[in-house]
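Taking it in order: structure first as structure tokens, then the write-up.
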Amino acid sequence: MAKIGILGLGTVGSGVVELILKNRDIIERKCGFPINIKKILVRDESKKRPDYLKEIITYKPEEIINEPEIDLVVEVMGGEEPALTYIKQALNNKKHVVTANKEVISKYGKELLELAQQNKVNLLFEASVAGGIPIIIPLKESLIANEINNIMGILNGTTNFILTQMEENKMEFSEALDLAKKLGYAESDPSADIKGFDAARKIAILSSIAFNVRVTPDKVYTEGIDGISYTDIKYAQEMGFTIKLVAEGQRTDDGIFVLVAPVLLRKEHPLSSVKDVYNAVIVEGDAVGRLMFYGRGAGKMPTASAVVSDIIKALKTDEKNRLNCTCFREEEVLPIKLFRSAYYFRIKALDKPGVLSKISGVFGQNNINLYMVIQKNSVDNIAEIVIITYETSFKNIQRAVDEIKSLDEVSEVSSVIRVKEEV
Ligand code: NAP
Ligand code: HSE
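Numbering-wise (our numbering), the sequence shown opens with residue 167 and increments by one.
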């Protein structure tokens with residue numbers, strides 16, 4: 167019999183309890199021993215809890231973390247503190263730890279894995295990225311023989327829902343965000359999702375594992391979707407693209423780039439058909455080629471699926487098979503100014519002779535080759551111009567944006583969005 171303690175009984179914690187109880191028989195047969203939930207930590211004494219859990223609810227973390235009978239601690243509280251402290255204490259007390267906490271793992275994963283190794287226990291965190299989709303264990307185990315060259319995905323369900331609504335129902339960003347809040351996908355403070363920070367934490371974790379380099383969220387160039395308007399989505403559609411918030415880790419000849427930003431993807435790109443709250447990850451290994459993982463990136467039972475799978479794995483994995491930290495390469499993430507991509511521009515400028523040539527002159531002076539230039543419409547003598555460039559460095563793009571903004575004839579550089587031509 168394995169005894170576990172759970173820190174948190176919210177969306178994920180209650181899913182974990184339900185799943186362990188519902189699939190008790192198959193879990194025991196596959197695990198080889200039953201799993202007994204000994205204690206569950208919560209914070210708010212006024213909240214009603216299910217009657218069948220009353221005996222095992224506690225408000226004292228030490229009743230789990232310091233309890234000698236408990237073999238494994240599940241951390242599903244969220245936030246940095248006190249979760250980080252509790253995880254460290256549990257590891258130091260020689261308890262395996264399973265967590266869904268991307269905030270803690272993306273910042274402190276290396277230290278925590280080393281602490282687990284020192285204490286001869288397992289630390290697993292499959293649910294911290296893409297909820298129910300198995301991606302961390304496949305990267306660490308199934309793809310162990312590969313050099314990973316690229317990992318990219320849609321790692322945030324809330325923003326994917328918003329962009330899908332904008333595209334399919336012709337909504338502006340604020341209207342789609344309100345709908346996401348109404349349906350419970352977006353939190354009342356949605357900034358971590360819409361500004362890209364949630365996806366940045368997840369791609370930091372995935373890139374660290376994929377490239378064997380320590381990547382923390384502060385090293386991830388991050389843009390959100392709050393600057394995307396329906397006009398951009400409509401123009402992108404007309405040109406055969408869809409706009410997605412893409413998190414990507416790229417190994418190039420010069421080194422690695424890690425970024426989160428909206429991207430115009432060709433309709434034929436596999437990530438273009440990932441809609442609503444779904445997540446997907448594409449991995450490219452030198453031996454295996456391209457793989458795609460798709461599924462629910464959040465939610466009670468999908469996330470519980472990943473957590474319970476980790477619980478079983480942690481309890482069954484001995485020292486020889488432990489998944490230790492694999493960040494063995496000393497390498498820095500390259501600065502974003504060196505990153506190369508094509509870009510989409512939407513610019514508002516005076517509709518008069520010579521303006522287009524002035525704008526294209528700025529691109530030329532910054533060594534940017536133009537792939538497509540379209541004048542969309544003209545209202546009150548202000549023309550909306552859409553430009554797609556060929557691949558160039560981000561440094562060139564930033565310089566061009568500053569110079570175009572300073573032209574007297576230009577009233578606004580409304581959008582600058584990355585374009586991925588390849589499918
Ligand atoms: P949640 O619904 O807010 O639940 C948090 C739980 O932790 C609650 O039971 C809360 O107690 C308890 N808790 C929080 N702080 C505490 C403290 N200081 N002391 C004691 N108990 C405390 O959160 P969640 O959505 O389940 O998320 C949990 C973790 O899973 C987070 O790291 C999140 O990023 C990750 N995750 C969530 C999802 C998802 O779909 N929700 C998906 C993937 C990963 P009370 O019940 O007393 O308030
Ligand atoms: N807020 C996240 C999302 C789910 O929208 O995908 C938890 O990781």
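Don't be surprised by glycine CBs; every beta carbon is placed ideally from N, CA and C.
Could you name the residues of the same chain whose beta carbon sits closer than 7 Å to that of residue i, not counting the 5 residues immediately before and after it, in chain order?
i	result
E292	P300, I302, I303, A472, S475, D476
L250	V270, Y274
N285	L257, N258, K260
V331	Correcting the residue type first, residue 331 is Gln in the shown sequence and not Val. M337, A342, L345, listed in sequence order.
Per the DSSP calculation, residue i is bridged to which residue(s)?
i	result
L207	L173, T224
F511	I553, V582
L516	I548
I201	A168
Which same chain residues end up closer than 6 Å to residue i when comparing Cβ atoms and leaving out the 5 residues on each side of it in sequence?
i	result
G202	Before going further, note that residue 202 is Asn rather than Gly in the sequence given. Taken in chain order, the residues that qualify are M167, K169.
H435	V589
L489	K306
E575	A515, L516, V521
I206	I172, L175, I222, I223
Q541	A549, I551
Check for me: the beta strand (DSSP E) holding residue i runs from which residue to which?
i	result
V528	Unbroken run through V528 is the alpha helix (DSSP H), 521-531; no beta strand (DSSP E).
N543	536-545
I563	First-last for I563: 560-571, but that is the alpha helix (DSSP H), not the beta strand (DSSP E).
I409	407-417
E241	238-241
Anyone know if the C-beta pair for residue i and residue j falls short of 7 Å?
i	j	result
R506	S559	yes
N312	R495	no
A427	I369	no
A508	N532	no
V263	L289	yes
S438	T408	yes
I360	I394	no
L279	K261	no
V386	V424	yes
R141	N315	This structure does not reach residue 141, given that the chain is present from 167 up to 589, and the question cannot be answered.
I320	V440	yes
V591	L430	Lying before the first or after the last residue shown, residue 591 is absent from the chain, which here runs from 167 to 589.
V178	T469	yes
G171	K213	no
P383	R367	yes
S373	R380	no
F327	D217	no
Y537	Y556	yes
G323	G463	yes
L371	S272	In the sequence as displayed, the identity of residue 371 is Ile instead of Leu. Contact flag set, yes.
Which residues bound the alpha helix (DSSP H) around residue i?
i	result
A376	363-377
I399	396-404
K385	Note, K385: premise wrong, no alpha helix (DSSP H); not H, not E.
A352	Taken as a continuous stretch (DSSP letters only), A352 belongs to no alpha helix (DSSP H), as it is neither H nor E.
D574	Unbroken run through D574: none, as it is neither H nor E.
D359	357-360
Please work out which residues of its chain come closer than 8 Å, Cβ to Cβ, to residue i, disregarding the five sequence neighbours upstream and downstream, and give them in chain order.
i	result
N543	A549, E550
Q564	K503
L219	L175, V183, I206
Exercise. Which full runs of the alpha helix (DSSP H) of 4+ residues lie inside the stretch 254-325, going along the chain?
Worked result: 268-284
Problem set entry | 4-residue-minimum alpha helix (DSSP H) runs that sit fully inside the stretch 430-502, ordered along the chain | 466-482
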